[in-house]
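Numbering (my numbering), first residue to last: 149 to 512.
This is the structure we're talking about:
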C-alpha cells in the first residue's frame with residue numbers, strides 16, 4: 149500500500165485502510181473502490197491523505213496502534229463527553245454523579261495503554277484516517293495516544309500513565325465553552341478573541357477538578373498544556389520545572405498533533421517537519437526531554453510515504469529503524485534519471501549514511 153494525497157487519488161483506486169468517523173465508526177472500509185463522489189465527500193470531511201493499494205508495494209503492512217473496537221470505544225467516549233459539555237452542562241454534572249462514567253474512562257485508557265505496549269512499530273497515527281466535522285474530537289483522541297506513548301517511553305508508573313492518558317483525552321474540554329466563531333476562525337485571532345481562547349485552560353481545569361472520579365493531576369493537564377518552558381505560556385506563565393511534568397509532556401503531544409492534521413487556517417505538516425518545529429523550541433518553549441522522547445516514539449516518515457534521496461532516486465518508505473527515526477528503509481521505484489525501475493531494490497539509510505531524504509510527497 150502507498151500513502152498519497154487525496155488530491156492524487158483517482159476514481160477506481162482501491163482503499164487499503166479503513167477511514168473512520170469522529171465517533172470511531174468505519175466510514176469507508178478497506179478494499180472499497182473509490183468513486184468521484186466518495187473522494188469529494190472525504191475532502192469535505194477534512195481527509196487529506198489515504199492509503200491505497202499498489203502492486204509494487206502491496207507487501208507493506210501498516211500496523212494499527214489500536215484494535216478497531218478500542219478505537220471505536222475511545223472515540224465514542226470522547227465524543228459523548230465533549231458534546232455533552234458543550235451542549236448541556238447540567239447533563240455533564242449528572243453523568244459524573246454516576247461513578248460508572250469515571251470507571252469507563254479508566255477502563256478505556258487502561259485498554260489503550262495495554263494495546264500500545266504490544267505495538268512494536270513506531271507510532272503512526274496517519275495509519276488510521278479519521279473524517280471529522282469538529283477538530284477537537286479527533287485532536288483529543290490523538291493527544292491521548294501521543295501522551296500515553298510518551299508516558300510509557302519516559303518510564304512513568306502504570307498509575308501515572310493512566311492519569312496522563314485521561315488528561316490527554318480531556319485536555320481540551322474547556323474549548324467546548326469557547327464560541328465556534330473563535331474556534332473555527334480561519335484568520336488570526338484579535339487580541340480580545342485570543343484572550344477568550346486562552347480561557348479554555350482554566351475552564352477545563354475547573355470542570356475537571358470538581359469531579360471526584362477524575363484524577364486531579366489529569367485536570368492539571370487541561371490547566372498546564374499551554375505553559376511554556378521559558379515562562380511565555382498561559383494561564384499562569386509558569387517557567388521550567390514550575391510546570392508539572394504532566395503539563396510539560398502534554399505540551400509536546402498537544403503541539404505535535406496541532407501541526408500534523410489539516411486545520412482551517414493552514415495545511416498539515418508531515419511528522420518529520422512537525423518534529424523540526426518542536427526541536428526549534430526545545431529548552432525554550434518545551435522540555436527537551438519530552439521532545440527527544442517523542443522523536444523516538446513516532447514514525448517520522450510513515451510507511452508507504454513516497455520520498456526522494458539526494459542521489460535523485462525515489463521510492464517508498466517500507467520500514468522504520470527503531471532508535472534511528474530519520475533513517476528508514478526505502479524501496480527504490482525510480483532511478484536517478486526518473487525512470488521506472490524494473491526490479492525495485494531496498495536501501496537501509498541506517499547503513500548508507502551518505503544518503504539522505506531530500507524531499508517527500510506532500511500529503512495535502
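Glycine included, each C-beta is placed from N, C-alpha and C at the ideal position.
For clarity, every value in this text was computed on a predicted model and none was experimentally measured.
Judged by beta-carbon spacing, residue 198 lies beyond the 8 Å limit of residue 226, meaning their Cβ atoms are not closer than that value. Secondary structure note for residue 456: it is in no alpha helix (DSSP H), and the uninterrupted beta strand (DSSP E) holding it is 454–457. When beta bridges are read from the DSSP output, residue 189 appears opposite no residue.
Using a 10 angstroms sphere on the CB of residue 461, the tally of other CB atoms reaches 16 or more, which defines it as buried.
Taking 8 Å as the cut-off, the beta carbon of residue 261 is found no closer than this to the beta carbon of residue 302. Per the DSSP secondary-structure output, residue 197 pairs in a beta bridge with 153. Taken through DSSP and simplified to helix, strand or coil, residue 434 comes out as strand. In the structure shown, the three-state DSSP call for residue 168 is strand. Note on residue 282: 16 or more other CB atoms within 10 angstroms of its CB, so buried under the neighbour-count rule. The beta carbon of residue 496 is closer than 6 Å to those of 477 in its chain, skipping five residues each way along the sequence. Distances from the CA of residue 404 to each of 498, 179, 442 and 362 were compared; the closest alpha carbon is that of 442. When the five nearest sequence neighbours on each side are left out, the beta carbons in the same chain lying within less than 8 Å of the beta carbon of residue 300 are those of 261, 264, 265 and 309, in order along the chain. Inter-residue distance for residue 277 and residue 316 is about 19 Å (C-alpha atoms, whole angstroms). Inter-residue distance for residue 357 and residue 170 is about 26 Å (C-alpha atoms, whole angstroms).
For residue 386 and residue 481, the gap between their C-alpha atoms comes out near 50 Å.
In this structure, the straight-line span from the alpha carbon of residue 328 to that of residue 494 is close to 48 Å. Annotation for residue 425: the continuous alpha helix (DSSP H) segment containing it runs 419–428. Shortest Cα-Cα distance from residue 429 to any of 380, 201 and 349 involves 380.
Listed in chain order, the non-local C-beta contacts of residue 292 below 6 Å within the same chain comprise 313, 316 and 317, local neighbours out to five positions each way being set aside. Contact check for residue 337 and residue 324: beta-carbon distance about 18 Å, past the 8 Å limit, so the pair fails to qualify. The three-state reading of DSSP puts residue 267 in coil, since its state is none of H, G, I, E or B.
Spatial neighbours of residue 252 in its own chain (CB-CB distance under 7 Å, excluding positions within 5 residues in sequence) are listed in chain order as 225. Per the coordinates, the alpha-carbon of residue 421 lies some 10 Å from the alpha-carbon of residue 449. Per DSSP, reduced to three states, the secondary structure at residue 336 is coil, with no helix or strand assignment. Along the length of the segment 339–376, whole alpha helix (DSSP H) runs at least 4 residues long occupy 339–346, 348–357 and 364–372, reported in chain order.
In terms of Cβ geometry, residue 454 and residue 466 do not form a close pair [threshold 8 Å]. Within the same chain, 377 and 378 come within 7 Å of residue 432 by CB-CB distance, once the 5 residues on both sides are set aside.
Residue 386 sits in coil when the DSSP states are folded into three classes, being neither helix nor strand. For residue 407, there is no enclosing beta strand (DSSP E); the enclosing alpha helix (DSSP H) covers residues 393–407. Of all alpha-carbon atoms in 506, 188, 353 and 162, the one lying nearest the alpha-carbon of residue 178 is that of 162. If you draw a 10 Å sphere on the C-beta of residue 311, you find 16 or more other C-beta atoms in it, and that means buried.
Restricting attention to 210, 475 and 510, the CA atom closest to the CA of residue 500 is found in 475.
Within 10 angstroms of the beta-carbon of residue 206 lie fewer than 16 other beta-carbons, which makes it exposed.
Leaving aside the five residues that flank residue 341 on each side, the residues in its chain whose CB is nearer than 6 Å to its CB run, in chain order, 330. Within a 10 Å sphere around the beta-carbon of residue 364 sit fewer than 16 other beta-carbons, which makes this residue exposed. By the CB criterion at 8 Å, residue 275 and residue 165 fall inside the cutoff.
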